[in-house]
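> In my numbering, the protein residues as written are 1435 to 1604.
Below is the structure I would like to discuss, written out as structure tokens.
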């Protein structure tokens, strides 16, 4: 058991930073894939029901099914939107931490008399920062699509409600 702890103590701070960054990036990629998959499933649900909405004669049961679908999808979209916001916030925090570590490594290499090979680590940090920014822009576009989807859901729910009111008044 002692050998296990000694192996971890032999890691330098740079190796720990790289391990931390790799784990964080893999978590963000998993979140990104999960949100993309969920978004595609939501689109399939919404567009599969939109064909039935185009029919001229709507019955009360069809309108009720449509309302149930809207009530089912709307909380999922709101939850997904909140997760995207939290992921974007954590990405900006991670990006600022990467910049701090990069500047700290630069200070260390400037102060030391004998040169260490930290340039490759700094380059890896910058590459990871670029990947995080790429994922962040993708999440922003997903969030914009989710917002548009929410607006469309609300618009169709309003139109359905109006159609229901017109059929009951006639």
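Ideal Cβ placement from N, Cα and C applies to all residues, glycine included.
(1) Please report the straight-line C-alpha distance between residue 1578 and residue 1514, rounded to a whole angstrom.
(2) Assuming residue 1461 contacts residue 1525 under a Cβ cut-off of 8 Å, what Cβ separation, rounded to an integer in Å, is found between them?
(3) Would you report the Cα separation of residue 1554 and residue 1527, rounded to the nearest angstrom?
(4) Round the Cβ separation of residue 1452 and residue 1558 to the nearest angstrom and send it over; I've been treating them as touching at under 8 Å.
(5) Can you list, in chain order, the residues of its chain with a C-beta nearer than 8 Å to that of residue 1504? Leave out the 5 residues immediately preceding and following it.
(6) Are residue 1537 and residue 1563 closer than 9 Å when you measure CB to CB?
(7) Could you have a look at residue 1552 and say whether DSSP puts it in helix, strand or coil?
(8) Rounded to whole angstroms, what is the Cα-Cα separation between residue 1512 and residue 1502?
From the atom records:
(1) Here the C-alpha atom of residue 1578 lies approximately 12 Å from the C-alpha atom of residue 1514.
(2) Their Cβ separation, rounded to whole angstroms, is 11 Å, which puts residue 1461 and residue 1525 out of contact at 8 Å.
(3) Each residue's alpha carbon lies about 23 Å from the other.
(4) About 6 Å separates the two Cβ atoms, so the contact holds.
(5) Only 1587, 1590, 1591 and 1594 meet the Cβ criterion.
(6) Residue 1563 is positioned such that its CB atom lies no closer than 9 Å to that of residue 1537.
(7) Looking at residue 1552 - three-state DSSP - the assignment turns out to be coil, as it is neither helix nor strand.
(8) So the alpha carbons of these two residues sit roughly 16 Å apart.
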